[in-house]
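Order-wise, the sequence lines are chains Y and F. For what it's worth, numbering that gives the first Met the number 0 labels the leading residue of the first sequence as 0, then goes sequentially. For what it's worth, numbering that gives the first Met the number 0 labels the leading residue of the second sequence as 0, then goes sequentially. In this text, a Cβ means the ideal position worked out from N, Cα and C, and glycines have one as well. Since we're looking at a predicted model, the values are computed, not measured. Read through the structure below, which is laid out as C-alpha cells, and then see the notes.
2 protein chains.
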Amino acid sequence: MAPPPCGPLYRQIYDRVRGSIVDGQLAPGARLPSARVMAQEMGVARGTVDMAYAILAGEGYIETAGRAGTRVAPDIGQPASQPIPHRAARGGSDRAPSLPLTFLPLTPGVPSFDLFPRKAWSQLVRRHAQSLSPASMAYPDAQGSPQLREAVAAYLAVARGIRCTPDEIIITGGFQGTLGLVAHELGIGGGSVWVEDPGYPRIVSALKHAGARPIPLPVDGDGVDVAAGIAAASDALLCVVAPAHQFPMGATLSLARRMQLLEWADTAGAMVLEDDFDGEFRYQGRPLPALKSLDCNGRVLYAGTFSKTLFPGMRLGYLVVPPALLARFRNAARYMEGGRPMLDQAVVAEFLAQGHFGRHIKRMRNAYRSRRAALVEALAARFAVPSELMSGAGGLNLLLPVKEGLGRLAAVPWGEGRFLGALPMAQLTGQPAMADTMLVGFTNVPEKQAAAMAGRLYEVIVGGR
Amino acid sequence: MAPPPCGPLYRQIYDRVRGSIVDGQLAPGARLPSARVMAQEMGVARGTVDMAYAILAGEGYIETAGRAGTRVAPDIGQPASQPIPHRAARGGSDRAPSLPLTFLPLTPGVPSFDLFPRKAWSQLVRRHAQSLSPASMAYPDAQGSPQLREAVAAYLAVARGIRCTPDEIIITGGFQGTLGLVAHELGIGGGSVWVEDPGYPRIVSALKHAGARPIPLPVDGDGVDVAAGIAAASDALLCVVAPAHQFPMGATLSLARRMQLLEWADTAGAMVLEDDFDGEFRYQGRPLPALKSLDCNGRVLYAGTFSKTLFPGMRLGYLVVPPALLARFRNAARYMEGGRPMLDQAVVAEFLAQGHFGRHIKRMRNAYRSRRAALVEALAARFAVPSELMSGAGGLNLLLPVKEGLGRLAAVPWGEGRFLGALPMAQLTGQPAMADTMLVGFTNVPEKQAAAMAGRLYEVIVGGR
Numbered sequence: 000m001a002p003p004p005c006g007p008l009y010r011q012i013y014d015r016v017r018g019s020i021v022d023g024q025l026a027p028g029a030r031l032p033s034a035r036v037m038a039q040e041m042g043v044a045r046g047t048v049d050m051a052y053a054i055l056a057g058e059g060y061i062e063t064a065g066r067a068g069t070r071v072a073p074d075i076g077q078p079a080s081q082p083i084p085h086r087a088a089r090g091g092s093d094r095a096p097s098l099p100l101t102f103l104p105l106t107p108g109v110p111s112f113d114l115f116p117r118k119a120w121s122q123l124v125r126r127h128a129q130s131l132s133p134a135s136m137a138y139p140d141a142q143g144s145p146q147l148r149e150a151v152a153a154y155l156a157v158a159r160g161i162r163c164t165p166d167e168i169i170i171t172g173g174f175q176g177t178l179g180l181v182a183h184e185l186g187i188g189g190g191s192v193w194v195e196d197p198g199y200p201r202i203v204s205a206l207k208h209a210g211a212r213p214i215p216l217p218v219d220g221d222g223v224d225v226a227a228g229i230a231a232a233s234d235a236l237l238c239v240v241a242p243a244h245q246f247p248m249g250a251t252l253s254l255a256r257r258m259q260l261l262e263w264a265d266t267a268g269a270m271v272l273e274d275d276f277d278g279e280f281r282y283q284g285r286p287l288p289a290l291k292s293l294d295c296n297g298r299v300l301y302a303g304t305f306s307k308t309l310f311p312g313m314r315l316g317y318l319v320v321p322p323a324l325l326a327r328f329r330n331a332a333r334y335m336e337g338g339r340p341m342l343d344q345a346v347v348a349e350f351l352a353q354g355h356f357g358r359h360i361k362r363m364r365n366a367y368r369s370r371r372a373a374l375v376e377a378l379a380a381r382f383a384v385p386s387e388l389m390s391g392a393g394g395l396n397l398l399l400p401v402k403e404g405l406g407r408l409a410a411v412p413w414g415e416g417r418f419l420g421a422l423p424m425a426q427l428t429g430q431p432a433m434a435d436t437m438l439v440g441f442t443n444v445p446e447k448q449a450a451a452m453a454g455r456l457y458e459v460i461v462g463g464r
Numbered sequence: 000m001a002p003p004p005c006g007p008l009y010r011q012i013y014d015r016v017r018g019s020i021v022d023g024q025l026a027p028g029a030r031l032p033s034a035r036v037m038a039q040e041m042g043v044a045r046g047t048v049d050m051a052y053a054i055l056a057g058e059g060y061i062e063t064a065g066r067a068g069t070r071v072a073p074d075i076g077q078p079a080s081q082p083i084p085h086r087a088a089r090g091g092s093d094r095a096p097s098l099p100l101t102f103l104p105l106t107p108g109v110p111s112f113d114l115f116p117r118k119a120w121s122q123l124v125r126r127h128a129q130s131l132s133p134a135s136m137a138y139p140d141a142q143g144s145p146q147l148r149e150a151v152a153a154y155l156a157v158a159r160g161i162r163c164t165p166d167e168i169i170i171t172g173g174f175q176g177t178l179g180l181v182a183h184e185l186g187i188g189g190g191s192v193w194v195e196d197p198g199y200p201r202i203v204s205a206l207k208h209a210g211a212r213p214i215p216l217p218v219d220g221d222g223v224d225v226a227a228g229i230a231a232a233s234d235a236l237l238c239v240v241a242p243a244h245q246f247p248m249g250a251t252l253s254l255a256r257r258m259q260l261l262e263w264a265d266t267a268g269a270m271v272l273e274d275d276f277d278g279e280f281r282y283q284g285r286p287l288p289a290l291k292s293l294d295c296n297g298r299v300l301y302a303g304t305f306s307k308t309l310f311p312g313m314r315l316g317y318l319v320v321p322p323a324l325l326a327r328f329r330n331a332a333r334y335m336e337g338g339r340p341m342l343d344q345a346v347v348a349e350f351l352a353q354g355h356f357g358r359h360i361k362r363m364r365n366a367y368r369s370r371r372a373a374l375v376e377a378l379a380a381r382f383a384v385p386s387e388l389m390s391g392a393g394g395l396n397l398l399l400p401v402k403e404g405l406g407r408l409a410a411v412p413w414g415e416g417r418f419l420g421a422l423p424m425a426q427l428t429g430q431p432a433m434a435d436t437m438l439v440g441f442t443n444v445p446e447k448q449a450a451a452m453a454g455r456l457y458e459v460i461v462g463g464r
C-alpha cells in the first residue's frame, strides 16, 4: 500500500490520481473530473489541481485534450517501475465457482424471463420512481413495508392456506436472506440441522457458514425421509425442507411425512423451515396447502420468495414467524439488515394488490405446463428415454437420464455453461443412481424451440463425452 | 389457530375464507376473487366455489353483487361466537418505539428530500425497468454488481483518498446491513467493542444483538477518546467510529487520535469499523481523507452508505474489506444475504458513472451549508443562544442548547414527532451537559422557512415544558 498522502497539496492530488492509474483502478482512457470540478470536490484552488494535472500529463499518465476533457492516457501500460501487487496477488482463487456470464436457456430454478409482464411492472416502477415521496425516501420499516406485508398475508391465505397477520411477516432478501436470518437467530451454531439430499446446495453452505452440522437425509417419492432423520439425529435443532416440490427431485412431501415431521419437531422442541419456493407451480391436480397450514404449535417458519414468481434479481422474499419468535426476528431484521428497498417493496405490493401477481402466476402455471410438456417430448425423442421418467407434479425443472452416460462431463463446472445451463446431478449429490442424470430448466424454452434445444443438448452431451 | 382443513372441498374453501374474515385479515368490504378465478386458482370445479360462496353469503360473511363482484360484507362485525385471539393478544408491546408516520422537517441524519434530482434518477430507473434483461433478472453477484463496485472504487479514490480494487468492495444494505455483516463475521459475541458516547443508538443495539459488550467512550473536540478505550478495555475486538463528523457531536477525529487508534488496533489485533456516513458533507475547509487511507496493516473496515448521499429508502451501502478478510466476507454476502436488488444497483452505478452523483454531492454541500447557516441564524435569534454554539465543520445536524431547559419534554419519545422531528439529546446520552440540548436536522428546511421553523420549534419546546 502506498504511504499516506503528505507534502504539498498538488503532490497529494498527483499521488492519488497516479496511484489509482497504477493500481489499474482508473483504466486507460478513463475520464477524469475536470480541474475545475476536482478543485471544488477537494476544496482546493483550481491552480493546485492544474499543477498536479500538468505533472501527470508531463509524465504521460494523463492527457488533457481541450473539450474532450482530461483522460487517463489510452496507451498507458503498467509502468515497469511499479508492479501491481494488489491485482496480481489475487487470482480469484478465494472465489466460489462463478455464475455463467450470460443467461443460459436451460438454467434450472429460474422463472421464465421472456414471459414476464415487463410493461405492467415497469409502469409501476416508473410511477413510484417519479412520485418518490419523502416517506418513501426515508428509513423504511425494517420488518417490511406494511402494504407489502398486508398483500402477502392476503395472498398466503388464499393461495397457500396459511393464516397469518401482516404483523407475523418479515420481508427478507429472498430465500437466501431468509436462511441467513433463520440460521443466525435460531442459534444453530454447533447443532445439527436436517437437510434434503440431494437438495439446494446453498442451504448446506449457509448452514456450515453459520457453524451448524448439516445432516443429509435421503429423499424418495414421498419426499424427505423423516424416520431417517430421527434415527440419525433426533436432537437436531432445525429441519430445512421443501414440501411442495423437493429440489431437485420434485417429490411432494406426503401427508403422513408432514405429520411425522411436525410431531418430531414438537417432541424435540425443534423448528422446521419450510422452503416453499415454487409451491405455486403445480401442474397436476390442485396446489397443496403449505406445511405451515398444519402447524398448530408454532414449529414452522414459512419461507416464501418472489424469486420464482417474479424474478430472482428482485431479491425479495417473506418469512412467516410463529408468535413466540416474533420479537427476536423483528429485532434481527432491524439490527442485521435495516429493511429492504422501499421502491421495490412498493412496486411489488401494488403488483399484488392490483391483481397482476395472481394473473401472472396463473399464466405462468399454464405456460410452464405447456413448455414442460414440449421439452419432455423433445428430450424423450432425442435422448430415447421414456417421457414418464421426466414427469413430476410441479416445479421449474426436469430430470433427464442420459442412457449413454455422462462420463467425465459429470464434473464440468456448471459455471462454464457447457450444457446450455443444465446441471449434472453429480454436482448436487453423490448418489450413484443420479450419476448420469441432468437437471434441466424448462421455463425459458418456448415450445417451438424445444426440439432444437433438445438437439443442441444432445450434441453437447453425447458428442462431448 | 383453526384446525387443518378437512372435509369436502367446498367446506375447505368456506373455512379458508371465513377464517380470513374472522381473523380480520380480509377486511369488511374487501374484494374477493371471482368464483371463476378462485376455482382456477385452487384447481377445483367452479361449482365447488359457488357452493362455498353461497354458504358464506347465506351466513352474511360475504356479498355477491353482480358486476361489482364478491366482497366481504361491509358491515360485518367480529362474530361474537369467535373471538380474535391473534390480533387481540398482541398490542404491539414487543415493538420498539416506532418512527413517525409522516416525514418531519427537523429529522436528524437524513439528506434533503426536496432537492434530490428526481428527474435524472427516475429516468434511469425507468430505462432500466423497461429494458430488464434476463441477466438483470437472474440471481445477482452476491458481492455486488461489478459495475457498481467499479464506480464506488473510482469514487472512493478521488473523494475519500481510499485505494481499493472493486474486488475488495462488498455492496451492502446501508450501514445497518454493513454492521450486521461485520458483527456476525468478526465473531464479536462475548467480546468488547468500543463505541462512541453519545453515538448512533442502533450501533449499540446491533452490537448487543450480536452478543457483544459495547464499551462507551467519551467524545470531545478531537473525536472519540482512544486513551479512555485503552484504559477501559484494551482487549476489545472492534472499535466502531465515525471519524469525519462524529454523530451527533460533529467532532472530527484528530490526526493524533487516528494514529493512536490504528496503533492500538495493530497491537491488540483488533479491527476498526469506520462509519463514514457523511464524510462528503463538510462545510469548512477541505473534506478530510478517510481514516482508511492511513490504514497500512489492514485493520480498518471502511463503511460507506448511499443513505446520506442519495436517500435511506434505497438501502445501499458499501464495505471495503482488507484482503485477509475478503474470502470470509464474500461468503457471508453469499450465504447470509444473496446480494442486493439488481435494478437499484444498476441505477446507482449509472448515476455515479454518468457524473450525476458527483454533481449532486457538490450541489448538496452548497445547499446544506446555506440551509444550515439560515437555520442557525434563525434558531440563535429565536432561542437567544450564540450561533457559535451550534456551528461545526460538517454533518447533517446541529445541536441546539435550550436555555430554558427541556424539563419533562426531554423524555417525550421521538416517535411521537412532537418536535417536528428534532430529538432531545437526553435520549441518546445520559451526559448531564446534554440534558437540555436538542439535535436538529437542517437539511430539509429551505432558507426561507428557517425563521418560521425556528418559531414553531420554540413554541413547541418553550410553550410545552
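(request) Report the residue from W263/F, G249/F, M248/F whose alpha carbon sits nearest the alpha carbon of A255/F. (result) W263/F
(message) Taking a contact to mean a Cβ-Cβ separation below 7 angstroms, would you say L105/F touches V439/F in this structure?
(response) yes
(message) Just verifying my parser: in three-state terms, what is the DSSP assignment at P242/F?
(response) coil
(message) Quick test of your reading: L456/F and A434/F, contact by CB under 8 angstroms. State the CB separation rounded to the nearest angstrom.
(response) With 8 angstroms as the limit, L456/F and A434/F do not qualify as a contact, their Cβ atoms being about 18 angstroms apart.
(request) Using the DSSP secondary-structure output, state which residues sit across from G440/F in a beta bridge. (result) N396/F
(request) Compare the beta carbon distance of F102/F and A232/Y with 7 angstroms and say whether it is the shorter of the two. (result) no
(message) Once DSSP output is grouped into helix, strand and coil, what is the label at I229/Y?
(response) helix
(request) Pick helix, strand or coil for T471/Y, following the three-state DSSP scheme. (result) Chain Y is shown only over 0 to 464; residue 471/Y falls outside these bounds and no answer can be derived.
(request) Just mark A150/Y as buried or exposed, buried being the case when its beta carbon has 16 or more other beta carbons within 10 Å. (result) buried
(message) I need the straight-line Cα distance from P340/F to M313/Y, nearest angstrom please.
(response) 5 angstroms
(request) For K447/Y, count neighbouring C-beta atoms within 10 Å of its own C-beta (all shown protein chains included) and say buried if the count is 16 or more, exposed if not. (result) exposed
(message) Can you check whether the C-beta of S144/Y is within less than 7 angstroms of a C-beta belonging to chain F?
(response) no
(request) For L8/Y, I'd like the list of residues in its chain whose CB is within less than 6 angstroms of its CB, leaving aside the five on either flank, ordered along the chain. (result) V43, T47
(message) Taking the alpha carbon of R35/Y as the reference point, which residue from L325/Y, T69/Y, T308/Y, E387/Y has its own alpha carbon closest?
(response) T69/Y
(request) Find the residues of chain Y that neighbour M136/F, judging by a C-beta separation of less than 9 angstroms, and give them in chain order. (result) F102, V109, P110, F112, F115, L309, F310, P311, G312, M313
(message) What would DSSP say about P311/Y, mapped onto helix, strand or coil?
(response) helix
(message) Which residue wins for smallest C-alpha separation from Q430/Y, given the options I360/Y, G354/Y, I460/Y, P215/Y?
(response) P215/Y
(request) Report yes or no: do three or more beta-carbon pairs, one from the stretch 154 to 168 of chain F and one from the stretch 376 to 394 of chain F, lie closer than 8 angstroms? (result) no
(message) Taking a contact to mean a Cβ-Cβ separation below 7 angstroms, would you say V290/F touches V299/F in this structure?
(response) Looking at the sequence itself, residue 290/F is Leu, so the reference to Val does not match. Yes. Within cutoff.
(message) Using 7 angstroms as the threshold, is the C-beta distance between A392/Y and T171/Y below it?
(response) no
(request) Report yes or no: do the stretch 327 to 342 of chain F and the stretch 138 to 156 of chain F share at least 3 C-beta pairs separated by less than 8 angstroms? (result) yes
(request) Report yes or no: is there a C-beta of chain F within less than 7 angstroms of the C-beta of D275/Y? (result) no
(message) Taking a contact to mean a Cβ-Cβ separation below 7 angstroms, would you say I12/F touches A72/F in this structure?
(response) no
(request) Using beta-carbon positions only, say whether K307/F and F356/F come within less than 7 angstroms of one another. (result) no
(request) Find the residues of chain F that neighbour G156/Y, judging by a C-beta separation of less than 9 angstroms, and give them in chain order. (result) Strictly speaking, residue 156/Y in this sequence is Ala, with Gly absent from that position. Neighbours of A156/Y on chain F, chain order: R15, V16, G18, S19, D22, Q24, L25.
(request) Using the Cα positions of P110/F and P445/F, report the straight-line distance between them to the nearest angstrom. (result) 13 angstroms
(request) For L427/F, decide whether its Cβ has a neighbour in chain Y, counting only Cβ atoms nearer than 7 angstroms. (result) no
(message) For D234/Y, count the other beta carbons within 10 Å of its own beta carbon; 16 or more makes it buried, fewer makes it exposed. Which is it?
(response) exposed
(message) Rounded to the nearest angstrom, what separates A156/F and L324/F at their Cα positions?
(response) 21 angstroms
(message) With H, G and I counted as helix, E and B as strand and the rest as coil, what does DSSP make of L507/Y?
(response) It is not possible to answer for residue 507/Y, since the shown part of chain Y is limited to 0 through 464.
(message) Below 9 angstroms on C-beta distance, what does M41/Y contact in chain F?
(response) V157, A158, R285, P286
(message) For I202/F, which residues in the same chain have their Cβ closer than 7 angstroms to its Cβ, ignoring the five residues on either side in sequence?
(response) L178, V194, V239
(request) Mind checking which residues open and close the alpha helix (DSSP H) that includes W263/F? (result) 254 to 267
(message) Between which residues of its own chain and E40/Y is the CB-CB distance below 7 angstroms, once the five residues before and five after are set aside?
(response) P32
(message) Based on DSSP bridge pairs, tell me the residues matched to M270/F.
(response) L237/F
(request) Answer with yes or no whether the minimum CB distance from N365/Y to chain F is below 7 angstroms. (result) no
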